[in-house]
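Here my numbering is used: the first residue of the sequence shown is 455, the next is one more, and so on.
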Amino acid sequence: METPETPDPTSVPESAGDRAPKPGKAADEAPVTGIAAQDWATASADPHYRAAVVDLLGALAYGELAAFERLAEDAKLAPTLEDKAELAAMAAAEFHHFERLRDRLAEIGEAPNKAMLPFKAALDDFHRQTAPSDWLEGLVKAYVGDSIASDFYREVAARLDTDTRTLVLAVLDDTGHASFAVEKVRAAIAAEPRVGGRLALWARRLMGEALSQAQRVVADRDALSTMLVGGVADGFDLAEVGRMFSRITEAHTKRMAALGLAA
């Protein structure tokens, strides 16, 4: 197996926002119509749409809670106190995102624990099957795995009502982990190029597992699958689902390049 090209350690990584275009951008630029132009009070009158949003917020909330737990656990692998403190701050940001989603579910009359429960098994399985063996694998997992999930949710957000869309995009804001992970991984590869090959294989495995779990969740939840293939979300047909996953894959490839790894 060829060792990925070692990135120039003197170059400065792009910011997380510049590194890869956020999927859903094209949809955001299209004329806003239908549900995407409505507020929650209007859109939620459709029980199917309401169910889809409750599922979406439940999945996001448990994802943020799991991210908090994972970052707190990964902090134990940090090689320095500075790194440990950095991860602790990111974990705190993830928990704040969880609180916003939990509070929103309660605000619209839904039990947060009940909304999250259907997604617990899939997310727990993903984290169990992709437990990192060291600090660098943990950084790549957070960067790659979280980014794939964020890309997916941003795609869906473009078709949500204005209130829900604002909340979803806010909790998808980068906690600083992206730039932190890129800096640390690039430095590690520069110091020992052979590390790149192992991390590239790890990132490919993460991509496959993340997509597999996403498909499992959608298949099990009728409201979410309806939102993806049409009926609830205006104009989001099967052909667009294919284009969506193409955009997510393209963004993943660019992030891998930012890490100095082969996709």
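Note that CB positions come from ideal geometry on N, CA and C, so glycine has one too. Quick caveat: nothing in here was measured; it's all calculated off a predicted structure.
Within its own chain, the residues whose Cβ lies closer than 8 Å to the Cβ of S498, once the five positions on either side in sequence are excluded, are R504, V507, I562, D615, listed in chain order. In this structure, W656 is the residue among W656, E694, W494 with its C-alpha nearest to the C-alpha of S587. The straight-line gap separating the alpha-carbon atoms of R659 and L713 is approximately 16 Å. When secondary structure is reduced to three states using DSSP, L614 falls in the coil class, being assigned neither helix nor strand. Membership of K538 in the alpha helix (DSSP H) is indicated by the continuous run 535–561. In terms of Cα proximity to I602, the closest of L511, S700, H502, A539 is S700. L660 carries a helical assignment under DSSP once its states are collapsed to helix, strand and coil. The C-alpha of Q492 is placed about 44 Å away from the C-alpha of R640.
Considering only D627, H631, Y607, A495, the residue with the shortest C-alpha distance to M544 is H631.
With fewer than 16 other Cβ atoms inside 10 Å of its own Cβ, A673 counts as exposed. The beta carbons of L541 and A529 sit closer together than 8 Å.
For T584, the three-state secondary structure derived from DSSP is coil.
Only residues of its own chain outside the window of five on either side were considered, and among them W494, V507 have a CB closer than 7 Å to the CB of T618, listed in chain order. A distance below 7 Å between beta-carbons, with the five flanking residues on each side excluded, links L555 to the following residues of its chain, in chain order: L511, L514, A515, E518, V625. 8 Å or more divides the Cβ of K638 from the Cβ of L577.
One alpha carbon belongs to P572, the other to A644, and they sit about 42 Å apart. With 16 or more other Cβ atoms inside 10 Å of its own Cβ, E548 counts as buried. C-alpha of L653 to C-alpha of A526: approximately 21 Å in a straight line. Counting along the chain, R524 sits inside the alpha helix (DSSP H) bounded by residues 501–528. Here H581 is buried. Its C-beta has 16 or more other C-beta atoms within 10 Å.
The residues V598, I602, H706, in chain order, have a CB closer than 7 Å to that of M661 in the same chain once the five nearest residues on each side in sequence are set aside.
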